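> Chains as they are written, first to last, in our numbering: chain L, 9 to 338; chain B, 302 to 1082. Quick reminder that beta carbons are idealized off the backbone N, C-alpha and C, glycines included. These figures come from a predicted structure and were not determined experimentally.
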Amino acid sequence: MQEKLNQTEKDFKQDLTTKSGFDLKVKYLGRKNGLVTNLMKELATMNEADKKQWGPEINRLKKNVEEALEKMTTGEKQTDGSFDETLPGLELQTGTLHPITQITQELSNYFTAMGFMVLDGPEVESEFFNFEALNVPAWHPAREMQDTIWTEQPGVLLRTQTSPVQIRSMLKYGAPLYAVAPGRVFRYEATDNRHDHTFYQLEGLVVDENISVANMNAFLKLLVEKIVGDKIKMRIRPGYFPFVEPGVEVDVECAVCHGKGCGLCKGTGWVESIGAGMVHPQVLAYGKIDPKKYSGFAFGVGLNRLAQLKFGFEDTRMIHQNDLRFLKQF
Amino acid sequence: MYLSLNWLKKHVDIPSKHTPEQIGELLTLHTAEVEEIKNPAQSMLGVVVAQVLLVEKHPNADRLVVAKLTDGKNEYQVVCGGVNVRSGMLVPLAKIGAQVKWHGEEGLIELQETEIRGIKSSGMICSPQEIGLERQFMVGEKEILDLTPYGLKVGAGLGEALGLDDAVYEIENKTITHRPDLWSHSGFARELAALTDAKLKEASPQKRLGASPNKVSVGIKNKQACPRYLAVKIDNIKVTESPLWLKRAMAATGNRSINNIVDLTNFVMLDLGQPLHAFDADKLADQEIIVRQAKNGEAMKLLDGSEIKLEETDLLICDAQKPVALAGIMGGGNSEIDEKTTSIILEAANFDAQTIRRTSLRLNLRTEASMRFEKGQDPNLAEFGLLRFLELLAETAPGAQIASQITDIQNFKNHNLKIKLDQDYVRKKSGVDFAPAAIKSALKPLGFAVSGSGKNLIVTVPTWRSTGDVSIPDDLVEELTRLYGFNNIKPSLPTLQMRAPEQDRERELIEKIKEFLALGANMNEVLNYSFVGSEQVEVAEKNSTGFLKLKNPVSQEQALLRQNLVSNLRKNVTDNLRFFDKFSLFEIGSVYFKEPGDIPADNSGSAKLPRQEKHLAGVLVGNNNNLFLQAKGILESLFGRLGLAYRENLIAYQSETHGDKLAVFFEINLKKLLEVDPKTKVFRDIPRFPGVERDLAFIISKEIKYADLEQALASVAPGLTTRIELFDIFEGNKIGADKKSLAFHLEFRSPERTLEAKEADEIIAKIIEVLKQKFHAEIRK
């Protein structure tokens, strides 16, 4: 037996320099007539005393052969563990989420953490939810502010704002209600680098007992801090939206010129960023919420502008061009 | 809308400590957004009033003259092409370094010292165009602006001399949509009086009585559409250029100066907010006014020359025979004032906001008058406006005589709107504890009268705010909070009640899918428009009538709402193949159908919106003929990741070639995906006994589906077959064109004992038997 073992080991060492890994595997570890396999088979037939004597020897040989073959096939080299840390890393291929998705998730997660629901609403919407229930009857001058894309079905349009989700969520959940609704909105508008007929908004709605302008201010401040950080100045001024009373607009100090006035802020030093206001009692009533018991505020923010600010691209049309040279950057 | 600070100051004594910029900021923070502040005199820097001393012919040019001028201190020699230059004249002289407009050039040009045909010229005598005043000062061709009639001081800067040294605020019209009272200088003056604690100088024009007892006959057929109509006849009118103050007012607010009568109607409108219209009395049949609805199909020609077709919802001003104006929007061409006009009938009316708005929108006619009427003007303002016109007429058309009594037809009542305001409600809504006295003193300057004691107040709304703008306590909360300043209200977070989170399975699903496809499957997310064009839609789809079409698409290529996502992904593939050989994209978005779905369209719930669902689609692009298997692998993993059993019938695969590249698309309806039963992950014992591996390769007909083979392989020893792994597919002439070779790793294992090699060999033998019998397989050795 000892002789057999010695011979096998000697042969293997010699073969290691001449034969391929595959041939070696067949010759020594082959299932039918591998030399080491045969030794293992022989071991199985031995009596207890022989097994004790030869078992460890045969197993050692098998282990050596396996390790040698493993090294050969994987091409592993012995190293001392040192490396050149300036070498470029091997690139890990990953895909990307669209910048709008990233902004949407970031804000949604922010509000979820505060206990808000994140809601969705239909993009093909009715005149009722998009305008009437938001206090914008057919003759109302505010309709002019939003050029609408209509479908061929009477009273069916592409929503011009995410605000119809306000009414839908009030009808579905009632008060108290803390919700945001991000989504796609549409306007009949010529496209240029600042405008697109399809864009994204995030609507927020809070309805509860004793909600005040002071509460709204606090939320607007949180939202601005989330968007541009707490070092940037903000201001709240009156604004007009028919579904709120009072209505406000939030300006943040222009990040490009820091308030001095430049092209981006049209010389004013401020950039409009959020529209908001206290939900109009009539709108609460449309949502079947008692305006005597509850009050609330709503806000809307344009996500295109946010994505552009966050990632620093000027042309809003890039969002829908789906150019991988753009998408792969984020 | 433009507001002149000089003009505002005629209505309110703004304390001098406020700079024009601070006044602009006050308006932005408390009333309406100021977009820009400009000083019109800035564009005339370096241009002075000069007197022509001497005019001589240019020795080397027939059409030029050499003028000598003085600005009171120095003399200037200027070569000029103006045909009306004569000595003694006062003219605008642009000195060297002044910025002027040059004919044919955009923007401003800095004037240089020059020599024209051998004669030195140190400046330029300007035409109105060259200093941006062509809309206010009309001159003949090749004429320069003759300033002689205006008695200006020689040597003064032109901007100052004309009174254009001013701050002009551009108000964002959007922010005063709800404020009919703010479409005028007097309206903003009232705001500034409140904001700067200054006194408002309320004008109260005297009623002027005409000498004649006659009245202009006015008949109103549609009382609802015309709450008030005042008319008065004025004789001895001489239509001339406007006096300087009126031209200045037009220049400051960006309006054209037309003549002394028309400019005055516009002035009153910009001053008080009341649109006026002057008809040439001699052009009105029977000098009579009838206000009526139009007849369907009736036509008229407006004073801008356009022909319009009318509908019965339109409101007309007519004489005894014909329409003479489109009420509240624009006058007719047939009754317009011209230089021969000697007698006018002045209209000061109030029209129903909806009526004006509907017509103005339909005809796409937005005028200064319609913009004001559609906001809901105060009918009381009409009389005020008419009297103001008569008061000022003496200045602009001396000798004019009021030739009738004032006709005043009133179809409205001042309802004296009162709102009950509870101090607690104000506090609850605003978060500021306004004392009753503070509420009173804040609202008073805006014309609200506050009475009542203690917490319960009664607020009487002024007529100019009660046409829809202010009607409920919340509207008063707005007044109080904006005057107080939103920035001054201390932020405080509300306390949130804790409650069970609402589970939104679709949203969770979408987030998981996006995360996995981007970060697990290395795909790039795209967002396409919701639209497709008919040529983009495949023939099969084109035959379907189910597309939801747009009435006013942004373009014909985007006239239909998409029913799948693949149509637009296809375009992304073409676009990106210009720069990439190999890539994969995915999108999650809505698709839309014509027929009703299950989302309610109103609060009754019976009407439904067109069906719309969210889809997931993706595409893999490259050379590899394994693309389909890669796509399927991604989706199998995705299903697993989502805890669902893979369901081939939910996925629409399609592949197509793009040049020499292959694209494999897939699309899934997420609604259907949500209906798939979850495949719960159940722990299986970690194998305690070793398994036996065998490899098996065989050749079969190409026609045979993998699924059938797999089933056959598994059926021989169902309890013991623990792995069936296809590791190679080979097709080629070597094995025959209609054949394929498949190679499998198989593993057999018993949960109860160590499986013997012999047993595995027996199973293999049986499998071979089955393969031969069922599929005529040829086993490879």
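#1: May I have the straight-line CA-CA distance separating L:Thr25 from L:Glu75, to the nearest angstrom?
#2: For the region 215-238 of chain L, enumerate the residues whose C-beta is nearer than 7 angstroms to any C-beta of chain B, in chain order.
#3: What are the boundary residues of the alpha helix (DSSP H) that B:Asp725 is part of?
#4: Take the Cβ of B:Trp403 as the centre, count every other Cβ of all protein chains shown within 10 Å, and call the residue buried at 16 or more, exposed below.
#5: Among the candidates B:Ala738, B:Gly460, B:Ile562, B:Ala553, whose CA atom is the shortest distance from the CA of B:Ser543?
#6: For the putative contact between L:Phe124 and L:Tyr186, defined by C-beta atoms under 8 angstroms, what is the C-beta separation to the nearest angstrom?
#7: Please look up how many angstroms separate the CB atoms of L:Thr94 and L:Asp204, rounded, as I've assumed it's under 8 angstroms.
#8: Rounded to whole angstroms, what's the CA-CA distance from B:Ser265 to B:Asn950? Just pull it up for me.
#9: Against chain L, with Cβ distances strictly below 9 angstroms, would B:Ala841 count as a contact?
#10: Roughly how far, in whole angstroms, is the beta-carbon of B:Arg806 from the beta-carbon of B:Leu975, given that I think they are within contact range, below 8 angstroms?
#11: Taking the beta carbon of L:Gly103 as the centre, do at least 16 other beta carbons fall within 10 Å, making it buried, or is it exposed?
#12: Look up B:Leu866 in the DSSP assignment and say whether it is helix, strand or coil.
#13: So, with DSSP's three-state summary, where would you put L:Ile327?
#14: Is the distance from the Cβ of L:Phe334 to the Cβ of L:Leu105 below 9 angstroms?
#15: With a threshold of 16 other CB atoms inside 10 Å of the CB of B:Ala841, please say whether the residue is buried or exposed.
#16: In three-state DSSP terms, what is L:Thr45?
#17: For a test of the three-state rule: what should DSSP assign to L:Ser281, helix, strand or coil?
#18: According to DSSP, simplified to helix, strand and coil, what is L:Phe319?
#19: Consult DSSP for B:Thr1022 and reduce its assignment to one of helix, strand or coil.
#20: For B:Ser956, list the residues DSSP reports as bridge partners.
#21: 9 angstroms is my cut-off, CB to CB: does L:Met125 come that close to chain B?
#22: What are the boundary residues of the beta strand (DSSP E) that includes B:Glu914?
#23: Near B:Asn537, what residues of its chain come up, given a Cβ to Cβ distance below 6 angstroms and the 5 sequence neighbours on each side ignored?
#24: Quick check: the region 471-491 of chain B against the region 765-782 of chain B, are there 3 or more CB pairs under 8 angstroms?
#25: Starting from the N-terminal side, write out each stretch of the alpha helix (DSSP H) that is 4 residues or longer and does not extend beyond the region 453-534 of chain B.
#26: Is the CB of B:His486 under 9 angstroms away from at least one CB in chain L?
#27: In whole angstroms, what separates the C-alpha of B:Leu459 from that of B:Val392?
#28: Thinking C-alpha only, which one of L:Arg68, L:Ala198, L:Val214 is nearest L:Ser177?
#29: I think B:Gly923 touches B:Lys972, with their Cβ atoms under 8 angstroms apart; what is that distance to the nearest whole Å?
#30: Name the chain L residues whose beta carbon is nearer than 9 angstroms to that of B:Leu815?
#31: State yes or no: is the C-beta of B:Ile710 within less than 9 angstroms of the C-beta of B:Ile477?
#32: Is the beta carbon of L:Leu32 closer than 9 angstroms to that of L:Ile66?
#33: Given that B:Phe881 touches chain L, what residues does it touch there, using C-beta distances under 7 angstroms?
#34: Is the beta carbon of B:Lys602 sitting closer than 9 angstroms to the one on B:Glu613?
#35: When DSSP builds the beta bridges, which residues end up paired with B:Pro624?
In brief:
#1: 15 angstroms
#2: Asp216, Asn218, Ile219, Ser220, Val221, Ala222, Asn223, Asn225, Ala226, Lys229
#3: Counting along the chain, the alpha helix (DSSP H) containing B:Asp725 begins and ends at 724-731.
#4: With fewer than 16 other Cβ atoms within 10 Å, it is exposed.
#5: Of the candidates B:Ala738, B:Gly460, B:Ile562, B:Ala553, the one whose C-alpha sits nearest the C-alpha of B:Ser543 is B:Ile562.
#6: 5 angstroms
#7: L:Thr94 to L:Asp204, Cβ: 44 angstroms. No contact.
#8: Here chain B comprises residues numbered 302 to 1082, so residue 265 of chain B is not present and cannot be evaluated.
#9: Because the pLDDT of B:Ala841 is 49, which lies under 50, any placement of that residue in the model is unreliable, and the number read from its coordinates should be weighed accordingly. Taking Cβ atoms only, chain L never reaches closer than 9 angstroms to B:Ala841, which makes this a no.
#10: 6 angstroms
#11: buried
#12: coil
#13: helix
#14: no
#15: The pLDDT assigned to B:Ala841 is 49, lower than 50, so where the model puts this residue is not dependable; a value taken from the coordinates is nonetheless given after this. B:Ala841 should be labelled exposed.
#16: helix
#17: Under the three-state reduction of DSSP output, L:Ser281 falls in the strand class.
#18: helix
#19: strand
#20: B:Val965
#21: Chain B contact via Cβ: present.
#22: 909-923
#23: Gly700, Ala701, Gln702
#24: A contact between stretches requires three or more CB pairs, one per stretch, nearer than 8 angstroms, and the region 471-491 of chain B meets this requirement with the region 765-782 of chain B.
#25: 459-462, 486-497
#26: no
#27: Their Cα atoms are separated by approximately 9 angstroms.
#28: Measuring from the Cα of L:Ser177, the nearest candidate turns out to be L:Val214.
#29: With a Cβ gap of about 31 angstroms, B:Gly923 and B:Lys972 do not count as contacting.
#30: First, the residue type needs correcting, since residue 815 of chain B is Lys and not Leu in the sequence shown. Chain L residues near B:Lys815: Leu105, His106, Thr109, Gln113.
#31: no
#32: When the beta-carbon positions are compared, L:Ile66 and L:Leu32 stay at least 9 angstroms from each other.
#33: Leu332
#34: B:Lys602 is not a Cβ neighbour of B:Glu613, given a cutoff of 9 angstroms.
#35: B:Cys619
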